[in-house]
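If you read the sequence shown in my numbering, its first letter stands for residue 2, the second for the next number, and so on. Cβ atoms here follow ideal geometry from the backbone N, Cα and C, with glycine treated the same way. Here is the structure we will look at, set down as structure tokens.
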Amino acid sequence: MTIEISSRETYGKTLVELGRENQNIVVLDADLSRSTMTNLFAKEFPDRFFQCGLAEQNMIGIAAGLAASGKTVFASTFAIFASCRCFDQLRMCLSQPQLNVKVVATHGGITIGEDGFSHQAIEDLALFCSLPGFSVVVPADAIETAEVIKSAAATHGPIYVRLGRPKTPLVYSQSYQFNLGKAITMRQGKDITIIAIGIMVAKALEAAEALAAEGIDCCIINMPTLKPLDEEAIIKAASETGAIVVAEEHLAHGGLGSRVAQVVAGEKPVPMSFVNLKNTYAKSGKAEELLQRYGLTAKDIEAAVRAVSSKKKTFHMPPSGKLSQAIADIRELKDEEDIGLH
2 MTIEISSRET
12 YGKTLVELGR
22 ENQNIVVLDA
32 DLSRSTMTNL
42 FAKEFPDRFF
52 QCGLAEQNMI
62 GIAAGLAASG
72 KTVFASTFAI
82 FASCRCFDQL
92 RMCLSQPQLN
102 VKVVATHGGI
112 TIGEDGFSHQ
122 AIEDLALFCS
132 LPGFSVVVPA
142 DAIETAEVIK
152 SAAATHGPIY
162 VRLGRPKTPL
172 VYSQSYQFNL
182 GKAITMRQGK
192 DITIIAIGIM
202 VAKALEAAEA
212 LAAEGIDCCI
222 INMPTLKPLD
232 EEAIIKAASE
242 TGAIVVAEEH
252 LAHGGLGSRV
262 AQVVAGEKPV
272 PMSFVNLKNT
282 YAKSGKAEEL
292 LQRYGLTAKD
302 IEAAVRAVSS
312 KKKTFHMPPS
322 GKLSQAIADI
332 RELKDEEDIG
342 LH
């Protein structure tokens, strides 16, 4: 039987554990503590919990002040507010001075219930990855969430952790250990590599089982840390399997797919395919209904694997001596397009 646990509940419980061990930890929330589960910390440590009300920008400023005073700060709200509403404060108050604040946001992606697109964080990873000095992490399940939060508390500097709302399947055992900036190979395979984050890791594993029955052997990599990115793991995967599919609950631009593609293009060009929200906002609906409507299911990953498998068969790298010239030719064509010479 598949065990499902919500990452936000695990976050709240892990904060309490850390609070007992470390008196220097303080927690902030923006009137959503029952949803982010920081209310568990507030109940046990009321003197170290700060309810900032419906003022997320101010919460980041307060977090910066506490961190500048030597505290290890966890600041929580919904992912949409933490990213879009607070971006200037994140940039000026946390990123530039490199303060020790952990922005742990729940309700990431579109799987948030029927609150609609105003509450769906689908740009957050792109925004946080753009901030110098920030680490960006998306756990795959509750077990990884607990390890990520413990690691965040022990790591100096600004970190963004994106969590979800619903209960999701466990993909790890209790013995799992998280290492910031390191990918984890969940399944060995020789034909195609699927790189996934968050809730898409479980769906990638499901897709791999179905594809195995068709004779397609998939390597599954969980890339929990978007920044710093495990470039070595990406290059190795491209070299060993010759094709990559990236799956994420995020817009097409600026998230994991963009970051992986940047590494692949620069180091080991191979055919790629992407499973994401493409370039659209989602409607209101139940989590599974939205995942199906916007192409974020195991079957969508299967389709992407089949598509990239076909590309792989016809893909030919230029001879090594001609690769630099091929890149130069592409850049020249791009320059001509930019200035209107068609």
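- Between the region 300-313 and the region 237-251, the count of Cβ pairs shorter than 8 Å is three or higher; the stretches touch.
- Taken through DSSP and simplified to helix, strand or coil, Lys204 comes out as helix.
- With a threshold of 16 other beta carbon atoms within 10 Å, Ala266 falls short and is exposed.
- Taking a C-beta distance under 8 Å as the contact criterion, Gln99 and Gly134 qualify as a contact pair.
- Counted as a single uninterrupted DSSP element, the stretch harbouring Leu230 is not any alpha helix (DSSP H), since DSSP gives it neither H nor E.
- Excluding five sequence positions before and after Gln178, the CB atoms of its chain that fall closer than 7 Å to its own CB belong to Glu148, given in chain order.
- Distance from the Cα of Arg163 is smallest, within the candidate group Ala262, Ile235, Ile222 and His251, for His251.
- Considering only Tyr12, Ser96, Gln189 and His120, the residue with the shortest C-alpha distance to Val105 is Tyr12.
- Between Ala80 and Ala122, the C-beta spacing is below 8 Å.
- Here DSSP, grouped into helix, strand and coil, assigns Gly110 to strand.
- Secondary structure at Met187: strand, using DSSP grouped into helix, strand and coil.
- For Asn223, the uninterrupted beta strand (DSSP E) run begins and ends at Cys219 to Asn223, by DSSP.
- Taken through DSSP and simplified to helix, strand or coil, Phe42 comes out as helix.
- With 16 or more other CB atoms across the displayed protein chains lying within 10 angstroms of its CB, Asp192 is buried.
- When beta bridges are read from the DSSP output, Thr169 appears opposite Ile6.
- Here DSSP, grouped into helix, strand and coil, assigns Leu29 to strand.
- Given a length threshold of 4 residues, each whole run of the alpha helix (DSSP H) inside the region 48-104 is given here in chain order: 57-69.
- Each residue's CA atom was taken as its position, placing Val172 and Val202 some 8 Å apart.
- Put simply, of Asp142, Gly182 and Cys219 the residue whose alpha carbon is nearest the alpha carbon of Gln175 is Asp142.
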